[in-house]
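*Asks:* Residue numbers (the working numbering): 1 to 413.
1. Measuring CB atoms only, is the region 322-342 touching the region 164-182, in the sense that at least three cross pairs come out at less than 8 angstroms?
2. Evaluate the contact criterion for the region 206-226 versus the region 264-278: three or more CB pairs, one atom per stretch, below 8 angstroms.
3. In or out: residue 84 buried (at least 16 other Cβ within 10 Å) or exposed?
4. So, helix, strand or coil for residue 6, using DSSP?
5. How is the alpha helix (DSSP H) around residue 281 delimited, first residue to last?
6. Between the Cα of residue 22 and the Cα atoms of 28, 4, 12, which residue gives the shortest distance?
7. Using only CA atoms, which one of 25, 217, 242, 283 lies nearest to residue 273?
8. Mapping the DSSP letters down to three states, classify residue 335 as helix, strand or coil.
9. Report the rounded CA-to-CA distance for residue 422 versus residue 349, giving the unit in angstroms.
10. Report yes if the C-beta distance between residue 96 and residue 47 is below 8 angstroms; otherwise report no.
11. What's the call for residue 144, buried or exposed, on a 16-neighbour Cβ count within 10 Å?
12. Of all the alpha helix (DSSP H) runs that stay within the bounds of the region 253-312, which reach a length of 4 or more residues?
13. Quick one: what's got a C-beta closer than 7 angstroms to residue 233's C-beta in the same chain, skipping five residues either side?
14. When you compare only the Cα positions, how much space is there between residue 111 and residue 44?
15. What do you reckon, are the CB atoms on residue 29 and residue 57 nearer than 8 angstroms?
16. In chain order, what residues of the same chain have a beta carbon less than 8 angstroms from the beta carbon of residue 1, not counting five sequence neighbours either side?
17. DSSP state of residue 41, grouped into three classes?
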């Protein structure tokens, strides 16, 4: 059987290739050029199916050259958004003669090219039964999760990371910057995770920090190649005497180059320098609070500090209400006291958190039900509107091709 690598950032295509049962297929759809080259350096492949708009910092022509350098005999099936004479000549000169031009890819045409003994150049027209290419993501987001003491920030950070990576198919990195009470590794059952943050600080100190070292020290999500973690268990000494803006800046800059969404779990105190630095760098701030007067009093003070002292734009701040019970303040009451801010999510108190912390259950991302405001915050609402009125299954496919799936449920409280 032929060994086939799919590098299209299109889970639908990978699923269909697997279902046909004709090939040995790598279990994940690789979604950026650098990871493709890394995989080909270590594994022999007969056929690769890829595209010119795949994410990555490498220019397309160099990407093709590097594939050919790593495996001279590999067959390359490539999808090109617009096939110019220059690109066509380059591809043929590099023995790439199975080429599909167009925004849509017919599954049958991919199979034909994988099996063909001669070259095929095909221009695809818009039609039914085709697989749309996922668009290249050009807007990356750095999201900080901050909030009141004991509000459940690490839990919220974790379920958001799982939800965004699974449902919206975004490459997501969760960074544990809670230097007071690190818990990301516990919430996500990363039993063998290293102290990633400490290792990366060593790399920065030795001036060897780069993309490779970042990827070496991250932990991967179980059965989810879209989710990665930087864990943390630094001591009080490092927190007080070693960590500084130099480390935060280098870490965030490199992370942004390699991930679509970065979620940063913050400490609950505003007096550690990582908090103002990170919040002022963030594209969005998710402020977690509990629906009681003590938490709201603290929330008002912290938000006042962010807006009036650190000069953070109010438009960047969204509220997440966690641990609601039948005795909690109502959603209407919370909104009245914090009327200038959008409530992004509301989650009920659950005993499942204790099971997760003690390794008896796993976070799935399904804990988030009401996703209307979340899709708006992630700037994917236009995609949702495009499928309004279509059949449910067709709508899901369209949204997944853009970023992921979306479900609607009304707030009942």
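From the three backbone atoms N, C-alpha and C, an ideal C-beta is built for every residue, glycine too.
*Replies:* Concretely, from the data shown:
1. no
2. Contact annotation: the region 206-226 does not touch the region 264-278, with fewer than three C-beta pairs closer than 8 angstroms.
3. exposed
4. strand
5. 274-281
6. 4
7. Minimum Cα-Cα distance from residue 273 among the listed residues 25, 217, 242, 283 corresponds to 242.
8. helix
9. What is shown of the chain runs 1 to 413, which leaves residue 422 out entirely.
10. No. Outside cutoff.
11. buried
12. 274-281, 293-304
13. 182, 195
14. The alpha-carbon atoms of residue 111 and residue 44 are separated by roughly 20 angstroms.
15. no
16. 22, 23, 24
17. helix
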